[in-house]
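Protein chains in written order, with this note's numbering: chain A, 4 to 112; chain B, 547 to 659.
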């Protein structure tokens, strides 16, 4: 089955950039996603990238995809206190969406 | 806006009870999913359905069953709840086309005592 790996914790100062990394194993994945989860809430889709793309930028968010290494990253520019949350990467393939364990981001004012 | 609604936000049930978690989506999506989320384990897929009356086991189906009698509704059933099923349950839906977006409900917190 699919296996998605993420590091668990990141601390960043307000105004700095933060980068969250993720590796996946299923080379047949069609879409890769980043979700944000704030305390007590469901999952909010932040952005996604189609598997034939290398990069996608959406305002403060930049997604980079390295298909050769099966590596996905999310860069948040000018990190704000409202960005404190758990971030999940996910891959979609074979009719199922597989998630990483999540990366908790804490923004220090 | 797509809406995925989970009927119960917080439930407390006793061991051995039968539990129903309901999920409804209003956008005519073909595919629906049930996940559970536990600290340090991320989201794990329990069951999914790609059409009415169709269901597929996910990664952790043991102790659960599902029902999809209507396209908009996907129910998760715990036949005999156990304490290790205390968790946050998340429902999601996705259209066949375009297939790039998956929508989640707000989650149902289940505590089994």
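Backbone N, C-alpha and C define an ideal beta-carbon position, used for all residues, glycine too.
(1) Would residue 614(B) count as contacting chain A if we go by Cβ distances under 9 Å?
(2) Using the beta-carbon count (16 or more within 10 Å), is residue 44(A) buried or exposed?
(3) According to DSSP, simplified to helix, strand and coil, what is residue 57(A)?
(4) Give the residues of chain B in contact with residue 12(A), contact being defined as C-beta atoms less than 8 Å apart.
(5) Is the CB of residue 620(B) under 9 Å away from at least one CB in chain A?
(6) For the 8 Å Cβ check, are there 3 or more pairs between the region 67 to 75 of chain A and the region 566 to 585 of chain B?
(7) Could you pull out every residue in the same chain whose Cβ sits closer than 7 Å to the Cβ of residue 87(A), ignoring the five residues on either side in sequence?
(8) Could you list which residues in chain B have their beta carbon closer than 8 Å to that of residue 96(A), in chain order?
(9) Find the nearest neighbour of residue 105(A) within the set 589(B), 557(B), 624(B) and 639(B), judged by alpha-carbon distance.
(10) Please give me, in chain order, every unbroken run of the beta strand (DSSP E) with length at least 3 that falls completely inside the region 44 to 108 of chain A.
(11) Could you name the residues of the same chain whose beta carbon sits closer than 6 Å to that of residue 36(A), not counting the 5 residues immediately before and after it, in chain order?
(12) Hey, is residue 650(B)'s beta-carbon within less than 9 Å of any beta-carbon in chain A?
(13) Who are the near neighbours of residue 629(B) in its chain, counting only those whose CB is closer than 8 Å to its CB and skipping five residues on each side?
(14) Is there a Cβ from chain A that is less than 9 Å from the Cβ of residue 562(B)?
(15) Near residue 746(B), which residues of its chain fall below 7 Å by C-beta distance, leaving aside the five closest residues on each side in sequence?
(16) Looking at the C-beta of residue 46(A), does it have a partner C-beta in chain B at a distance below 9 Å?
According to the data block:
(1) Within the second chain, the letter at position 68 stands for residue 614(B). Answer no: the Cβ-Cβ gap between residue 614(B) and chain A never drops below 9 Å.
(2) Within the first chain, numbered from 1, the residue matching residue 44(A) stands at position 41. Exposed, by the Cβ-count rule.
(3) The residue given as residue 57(A) occupies position 54 in the first chain. Three-state DSSP puts residue 57(A) in coil, outside helix and strand.
(4) As a first step, residue 12(A) must be located in the first chain, where it is residue number 9. Near residue 12(A) there are no residues of chain B at all, since even the closest Cβ is about 11 Å away, more than 8 Å.
(5) The count along the second chain starts at 1 and reaches residue 620(B) at position 74. False, the Cβ-Cβ gap to chain A never drops below 9 Å.
(6) no
(7) By one-based count along the first chain, residue 87(A) stands at place 84. 108, 109 and 110, listed in sequence order.
(8) Stepping through the first chain from its first residue, residue 96(A) is reached at position 93. Going along chain B, no residue has its Cβ under 8 Å from residue 96(A), so there is no contact; the nearest lies around 11 Å.
(9) Walking along the first chain from the start, residue 105(A) turns up at place 102. Closest by alpha carbon: 589(B).
(10) Complete beta strand (DSSP E) runs here, min 3: 46 to 53, 58 to 61, 64 to 69, 74 to 79, 88 to 96 and 99 to 102.
(11) As a first step, residue 36(A) is located in the first chain; it is residue number 33 there, counting from the start. If the five residues before and after residue 36(A) are omitted, its C-beta is found closer than 6 Å to the C-beta atoms of 51 and 93, all from its own chain and listed in chain order.
(12) Within the second chain, the letter at position 104 stands for residue 650(B). Cβ-Cβ to chain A under 9 Å: yes for residue 650(B).
(13) Counted from its first residue, the second chain places residue 629(B) at position 83. 561, 658 and 659.
(14) Position 16 of the second chain, counted from the first residue, corresponds to residue 562(B). It does not: the Cβ of residue 562(B) has no partner Cβ on chain A nearer than 9 Å.
(15) Shown here, chain B extends from 547 to 659; a query on residue 746(B) therefore has no answer.
(16) For this step, residue 46(A) is matched to residue 43 along the first chain. Chain B, which has a Cβ nearer than 9 Å to the Cβ of residue 46(A), makes this yes.
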